[in-house]
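The opening residue of the sequence shown carries number 4 in my numbering; numbering runs sequentially from there.
What follows is a set of notes on a single structure, which appears directly below.
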Amino acid sequence: MRDRQRWRLRVTFDLSEVAQRALESDDTVLVSGGPGSGKTTLSLLKAQSLVPSLKPGQEILFLSFSRAAVRQVEIRCKDVLTGDERKLISVRTYHSFSMEVLRSHGRLLTGNVPSIIYPGPEAIMRAEFSGQWTEETKRLASDEGRYAFNEFAAGAARLIEGSDAVASLIASKYPVVILDEFQDTDDSQWALVQALSPRSRLIFLADPDQRIFDYDPRVDPERLNQLRSSLSPAEFELLGENHRSPDAGVLDFANAVLLNKALPVTKDVNLASYWPKAFESTVHAAVIWMFSQLRKEGIHHPSVAVLARTNSLIGRVSGALSAEHTFNKQTLRPVDHDVLWDAELTAAAAMVVASVLEWSSLPRGEAVGRTLARIADYFDTRNANTTGGNKSARDAAVRFRTAAGQVRTHAEPRPKSAKALVAAFDEALSPTGLPQRDWIAARERLEHHNDLSALVGDARFIRLFRATDEIGGRLTALWDRHGSYRNATDVVKKALEAGKVQANQREPRGCVLMNMHKAKGKEFDGVVIVEGYRTSVFFDPSREKAPFESSRRLLRVAITRARHRVAIVRPAGATALVSPLS
Numbered sequence: 004m005r006d007r008q009r010w011r012l013r014v015t016f017d018l019s020e021v022a023q024r025a026l027e028s029d030d031t032v033l034v035s036g037g038p039g040s041g042k043t044t045l046s047l048l049k050a051q052s053l054v055p056s057l058k059p060g061q062e063i064l065f066l067s068f069s070r071a072a073v074r075q076v077e078i079r080c081k082d083v084l085t086g087d088e089r090k091l092i093s094v095r096t097y098h099s100f101s102m103e104v105l106r107s108h109g110r111l112l113t114g115n116v117p118s119i120i121y122p123g124p125e126a127i128m129r130a131e132f133s134g135q136w137t138e139e140t141k142r143l144a145s146d147e148g149r150y151a152f153n154e155f156a157a158g159a160a161r162l163i164e165g166s167d168a169v170a171s172l173i174a175s176k177y178p179v180v181i182l183d184e185f186q187d188t189d190d191s192q193w194a195l196v197q198a199l200s201p202r203s204r205l206i207f208l209a210d211p212d213q214r215i216f217d218y219d220p221r222v223d224p225e226r227l228n229q230l231r232s233s234l235s236p237a238e239f240e241l242l243g244e245n246h247r248s249p250d251a252g253v254l255d256f257a258n259a260v261l262l263n264k265a266l267p268v269t270k271d272v273n274l275a276s277y278w279p280k281a282f283e284s285t286v287h288a289a290v291i292w293m294f295s296q297l298r299k300e301g302i303h304h305p306s307v308a309v310l311a312r313t314n315s316l317i318g319r320v321s322g323a324l325s326a327e328h329t330f331n332k333q334t335l336r337p338v339d340h341d342v343l344w345d346a347e348l349t350a351a352a353a354m355v356v357a358s359v360l361e362w363s364s365l366p367r368g369e370a371v372g373r374t375l376a377r378i379a380d381y382f383d384t385r386n387a388n389t390t391g392g393n394k395s396a397r398d399a400a401v402r403f404r405t406a407a408g409q410v411r412t413h414a415e416p417r418p419k420s421a422k423a424l425v426a427a428f429d430e431a432l433s434p435t436g437l438p439q440r441d442w443i444a445a446r447e448r449l450e451h452h453n454d455l456s457a458l459v460g461d462a463r464f465i466r467l468f469r470a471t472d473e474i475g476g477r478l479t480a481l482w483d484r485h486g487s488y489r490n491a492t493d494v495v496k497k498a499l500e501a502g503k504v505q506a507n508q509r510e511p512r513g514c515v516l517m518n519m520h521k522a523k524g525k526e527f528d529g530v531v532i533v534e535g536y537r538t539s540v541f542f543d544p545s546r547e548k549a550p551f552e553s554s555r556r557l558l559r560v561a562i563t564r565a566r567h568r569v570a571i572v573r574p575a576g577a578t579a580l581v582s583p584l585s
């Protein structure tokens with residue numbers, strides 16, 4: 004019965020000649036191809052063919068970059084593998100696999116039981132450290148056995164390289180390793196892969212045109228060439244294959260944007276423009292239109308992703324979808340949606356707003372000084388939560404922390420936004436005792452400063468903690484007790500702690516908002532891509548030189564998340580999506 008079930012599953016997939024040769028190859032394999040070309044399915048079919056050779060206790064290890072990507076692979080496993088076969092495939096992130104290696108064998112490196120520095124505590128440690136934090140994390144790992152997330156893979160690589168016993172033990176557990184999205188492997192992950200290579204059979208999956216993490220100096224654009232030079236894999240390129248949207252013009256359109264060539268005419272990709280004052284209503288209408296079109300095509304419960312370059316613009320889109328608008332004389336009702344966002348950043352931004360609520364209970368120097376210090380904490384969190392660090396956030400944290408000290412000693416701060424906050428205090432914010440109204444008024448104190456736009460955008464996501472009623476109740480109790488919002492930051496912090504855990508565990512459904520980088524590895528029935536008017540633009544000469552190759556790769560990733568339809572909403576007069584050079 005099991006053999007017949009496997010046969011049924013295998014013949015379901017119509018493999019090309021190239022894919023069939025990759026399936027049958029006994030060498031180290033590199034399979035490359037575009038979005039939806041079938042790389043993951045092929046790798047699972049290959050894993051399926053190798054299952055019978057596994058010994059008792061052995062598994063096939065599938066490594067990917069994020070929990071979201073892991074979930075997508077697990078879903079695909081159900082389409083390809085039997086229940087018994089799925090039990091023998093361990094789908095993990097690089098971080099979780101490396102953490103397992105460190106916890107099991109890390110004492111061999113330093114003599115100390117290894118400990119993990121989680122992102123929240125790391126952000127605080129980074130803020131308090133005056134030197135180069137990257138070098139400090141390396142020291143903490145090598146000298147004390149304390150590992151920040153960015154040091155997991157490097158520590159695991161050192162263990163496997165330095166101990167034949169550990170290397171043999173891991174290879175005996177995982178004789179086959181599949182490596183997803185290999186073009187985005189950072190230096191420490193590449194070192195880990197090289198450590199695994201002498202003893203385990205490796206299968207690499209890659210798409211060079213989906214390399215979108217150029218901002219991380221540890222992700223080498225030459226990684227695939229390094230792989231070729233080091234391990235000489237047999238290469239198989241799935242050219243022209245598209246199983247995600249085989250009957251749609253989505254991929255052709257995405258490739259035209261990538262290559263800066265003339266756009267094909269296709270009903271599957273629609274372009275819309277807006278004037279600045281019509282941004283919210285136009286985006287709202289585009290999302291409702293997308294759901295309508297997908298339902299007309301027979302998809303009864305469609306999934307739609309709304310994507311933008313930055314979290315701040317996603318925050319604005321979320322606000323637009325949460326309100327009622329009029330478009331072409333029709334009333335648009337709010338759209339239920341979820342947001343994939345950074346709970347740590349939102350919590351840090353919320354603490355800034357809460358500190359403004361405290362102003363009426365404190366003298367000016369202390370009140371504004373606390374707010375500026377909270378702003379510095381926010382930028383420290385942004386720096387810590389960015390792969391490879393974020394120089395602009397790091398510099399902003401220093402700038403605002405210095406301004407906090409200046410204001411507390413009654414000196415004039417240098418940043419314009421800090422000066423404006425001092426002036427705003429003198430304008431005497433008058434709380435009403437109504438928490439929702441006072442919260443919005445406090446947030447508005449921060450909205451007119453360009454260097455705080457990301458912070459304000461993140462603060463708008465606070466409703467996603469599902470804790471607004473609790474925060475409102477706690478703030479009301481403060482007001483009733485003191486006639487002010489004294490200690491509002493403590494109240495908000497306690498209310499958000501449990502919400503952060505729940506927020507990181509929720510699975511989004513239906514309409515989902517996220518930035519383009521978070522969309523990588525995901526699939527949706529429809530995608531709405533939104534460009535900002537002055538910020539969060541697709542092609543920014545101050546960020547990148549024409550023809551904007553990095554931005555085009557990111558756009559291609561965003562467009563190809565769609566199985567059926569794409570809508571692109573852009574400001575009127577925006578730079579053309581393609582401008583082929585003559």
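The C-beta atom is built at its ideal place from N, Cα and C for all residues, glycine as well.
Separation of R142 and W136 (C-alpha to C-alpha, rounded to the nearest whole angstrom) is 10 Å. Annotated as proximal: D183 and L208, with beta-carbon spacing under 7 Å. The C-alpha of S28 lies about 12 Å from the C-alpha of R204. Rounded to the nearest whole angstrom, the CA to CA distance from V73 to R95 is 6 Å. Taking all protein chains shown into account, G134 has fewer than 16 neighbouring C-beta atoms within 10 Å of its C-beta and is therefore exposed. Residue state for H98 is assigned as helix, using DSSP reduced to three classes. When beta bridges are read from the DSSP output, M517 appears opposite L310. Leaving aside the five residues that flank F542 on each side, the residues in its chain whose CB is nearer than 7 Å to its CB run, in chain order, F551, S554, T578. Going by C-alpha positions, V533 is about 16 Å away from L343.
Apart from sequence neighbours up to five positions away, the residues of its chain that approach A370 with a beta-carbon distance below 7 Å are E361, W362, F428, ordered along the chain. In the assembly as shown, N228 is an exposed residue. Its beta-carbon has fewer than 16 other beta-carbons within 10 Å. Minimum Cα-Cα distance from Q192 among the listed residues R221, R214, L274, A352 corresponds to R221. With contacts defined as CB atoms closer than 7 Å, N115 and G158 fail to qualify as a contacting pair. Taking the Cα of H98 as reference, the smallest distance to any Cα among P55, E526, I562, F152 is reached at F152. For K176, the closest of F294, R202, T43 by C-alpha to C-alpha distance is R202. For R70, the closest alpha carbon among the candidates A326, K525, W442, L111 is that of K525.
A Cβ-Cβ distance of about 21 Å is found for the pair L437 and T374, leaving them out of contact under the 8 Å criterion. A257 and S539 do not touch by the CB rule: their CB atoms are close to 20 Å apart, not below 8 Å. Separation of L18 and K49 (C-alpha to C-alpha, rounded to the nearest whole angstrom) is 12 Å. Beta-bridge partners of N273 (DSSP): A570. Here the alpha carbon of R385 sits roughly 37 Å from the alpha carbon of S166. Inter-segment contact for the segment 83 to 90 and the segment 40 to 54 is present: three or more beta-carbon pairs are separated by less than 8 Å. Under the three-state reduction of DSSP, V356 is assigned to helix.
Sorting F65, E347, R564, E473 by C-alpha distance to the C-alpha of V530 places R564 at the top.
Annotation: F239 to T329 spans about 52 Å, alpha carbon to alpha carbon. Judged by pairs of C-beta atoms under 8 Å, the segment 316 to 330 does not touch the segment 399 to 417, as fewer than three such pairs exist. Beta-bridge annotation (DSSP): R149 is paired with S118. For S93, the three-state secondary structure derived from DSSP is strand. Judged by DSSP secondary structure, T329 falls outside any alpha helix (DSSP H) and instead within the beta strand (DSSP E) spanning 328 to 330. C-alpha of A406 to C-alpha of Y381: approximately 14 Å in a straight line.
Taken through DSSP and simplified to helix, strand or coil, R204 comes out as strand.
Cβ-Cβ distances below 7 Å link S276 to R573, P574, A575 in the same chain, with the five nearest sequence neighbours on each side left out; the list follows chain order. Straight across, the Cα-Cα distance linking R129 with Y121 is about 12 Å. Three or more Cβ pairs closer than 8 Å define a contact, and the segment 488 to 503 falls short of that threshold against the segment 450 to 458. If you draw a straight line from the Cα of L26 to the Cα of Q75, it comes to about 21 Å. Beta bridge pairing from DSSP links T334 with T329.
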